[in-house]
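Asks: To start, I am sharing the structure in question, which I have written as structure tokens.
In the numbering used here, the protein residues as written are 109 to 366.
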């Protein structure tokens with residue numbers, strides 16, 4: 109399995125002044141690299157793609173040229189990058205890829221045998237119980253996929269450009285309107301992308317220990333009325349339960365995040 113991280117920037121760096129984009133992405137990528145190595149990932153299995161030079165420790169990002177930046181929702185640019193990887197035939201047959209956002213932090217080892225995917229399928233989680241088009245909104249914060257799923261990403265891309273919406277809304281429309289693709293989009297346990305919304309029900313549903321915590325440590329959970337998501341995930345929540353590991357807390361503190 110490959111650990112895939114993507115950051116496409118309009119500025120050619122990790123710096124961003126946009127309100128909905130992490131301004132401290134350079135720190136987040138360092139945490140991701142250190143955290144992944146500590147959890148047993150081999151350096152050669154940590155794949156980082158950017159559109160600028162980036163090296164930290166044993167990891168050097170591969171530069172992707174001519175990847176379009178999607179202004180309406182910058183995070184959707186990651187789908188443009190994944191499509192580019194398919195176009196360049198960099199997605200290898202027989203390999204499982206785990207894409208995750210820079211603020212989706214792995215907490216426990218993930219074994220490839222846990223993720224049961226056919227070659228042409230992707231696996232995502234729901235977005236913390238939030239609804240879209242009357243059903244569970246799907247999150248693209250974690251996406252497991254294999255080499256036969258390129259058409260799903262291309263279809264998402266076509267929809268969000270056509271409708272000027274974000275990539276998660278595009279995925280929701282795709283699943284609603286295309287039965288063939290719907291059957292190839294698997295919804296997996298929220299433990300692989302635990303967001304924090306609807307905490308009681310989502311925590312009850314999630315397999316423990318949690319595998320991935322998805323939160324921005326320098327921000328909040330707007331829809332849940334939480335001002336400080338780091339404190340929330342450290343245990344200042346309705347359950348009084350820590351949702352992240354001491355190892356991750358130490359890494360965030362070391363890099364002065366949150």
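Every residue gets a Cβ at the ideal spot worked out from N, C-alpha and C, and that includes glycine.
Along the alpha helix (DSSP H) that carries residue 311, what are the first and last residues, could you check?
Replies: Within the chain shown, numbered from 1, the residue matching residue 311 stands at position 203. Note, residue 311: alpha helix (DSSP H), 307-313.
Asks: Tell whether a beta-carbon distance below 8 Å holds between residue 146 and residue 295.
Replies: The residue you call residue 146 lines up with position 38 of the chain shown. The residue you call residue 295 lines up with position 187 of the chain shown. Not a contact, by the Cβ cut-off of 8 Å.
Asks: For residue 256, which residues in the same chain have their Cβ closer than 6 Å to its Cβ, ignoring the five residues on either side in sequence?
Replies: Taking the first residue of the chain shown as 1, we reach residue 256 at position 148. If we look at residue 256 and ignore the five residues flanking it on each side, its Cβ neighbours are 227, 228.
Asks: Using the DSSP secondary-structure output, state which residues sit across from residue 161 in a beta bridge.
Replies: As a working note, residue 161 is residue 53 in the chain shown. DSSP, once it has assigned bridges, lists no residue as partnering residue 161.
Asks: Assuming residue 194 contacts residue 185 (C-beta within less than 8 Å), just tell me the rounded distance between them.
Replies: Taking the chain shown and counting its residues from 1, the one referred to as residue 194 is at position 86. Taking the chain shown and counting its residues from 1, the one referred to as residue 185 is at position 77. At roughly 15 Å, the Cβ-Cβ gap does not stay under 8 Å, so residue 194 and residue 185 are not in contact.
Asks: List in chain order: all unbroken alpha helix (DSSP H) runs of 4+ residues lying wholly within the segment 207-282.
Replies: Counting only runs of 4 or more, we get 258-271.
Asks: For a test of the three-state rule: what should DSSP assign to residue 342, helix, strand or coil?
Replies: Indexing the chain shown from 1 puts residue 342 at position 234. Correct three-state label for residue 342: helix.
Asks: Among all the DSSP beta bridges, which residues are the ones paired with residue 302?
Replies: The residue labelled residue 302 in the question sits at position 194 within the chain shown. In the DSSP output, where bridge partners are listed per residue, residue 302 has 321.
Asks: Taking the C-alpha atoms as reference points, what is the distance between residue 209 and residue 123?
Replies: One-based indexing of the chain shown puts residue 209 at position 101. One-based indexing of the chain shown puts residue 123 at position 15. Distance between the alpha carbons of residue 209 and residue 123: 16 Å.
Asks: Counting Cβ pairs, one atom from each stretch, are 3 or more of them under 8 Å apart for the segment 229-238 and the segment 282-301?
Replies: Flag = yes, the segment 229-238 and the segment 282-301 touch.
Asks: Just reading off the beta strand (DSSP E) that residue 293 is part of, what are its end residues?
Replies: Taking the first residue of the chain shown as 1, we reach residue 293 at position 185. Unbroken beta strand (DSSP E) run through residue 293: 293-295.
Asks: By a C-beta neighbour count over all protein chains shown, 10 Å radius and 16 as the cutoff for buried, is residue 280 buried or exposed?
Replies: Numbered from its first residue, the chain shown carries residue 280 at position 172. So residue 280 counts as buried.
Asks: Rounded to a whole number of angstroms, what is the C-alpha to C-alpha distance between residue 129 and residue 330?
Replies: Here residue 129 refers to the residue found at position 21 of the chain shown. Here residue 330 refers to the residue found at position 222 of the chain shown. For residue 129, the pLDDT reaches just 47, beneath the cut-off of 50, and the residue's location in the model is therefore unreliable, although a value from the coordinates is still provided. Going from the Cα of residue 129 to the Cα of residue 330 covers about 14 Å.
Asks: Over what stretch of residues does the beta strand (DSSP E) that includes residue 199 continue unbroken?
Replies: One-based indexing of the chain shown puts residue 199 at position 91. Neither: residue 199 is in no beta strand (DSSP E) and is coded neither H nor E.
Asks: Does the Cβ of residue 134 lie closer than 7 Å to at least one heavy atom of the ligand MG?
Replies: The ligand MG is not part of this structure, which contains no ligands at all.
Asks: In its own chain, which residues sit with a C-beta less than 8 Å from the C-beta of residue 137, not counting the 5 before and 5 after it?
Replies: Mapped onto the chain shown, residue 137 falls at position 29. 113, 115, 122, 156, 162, 164, 210.
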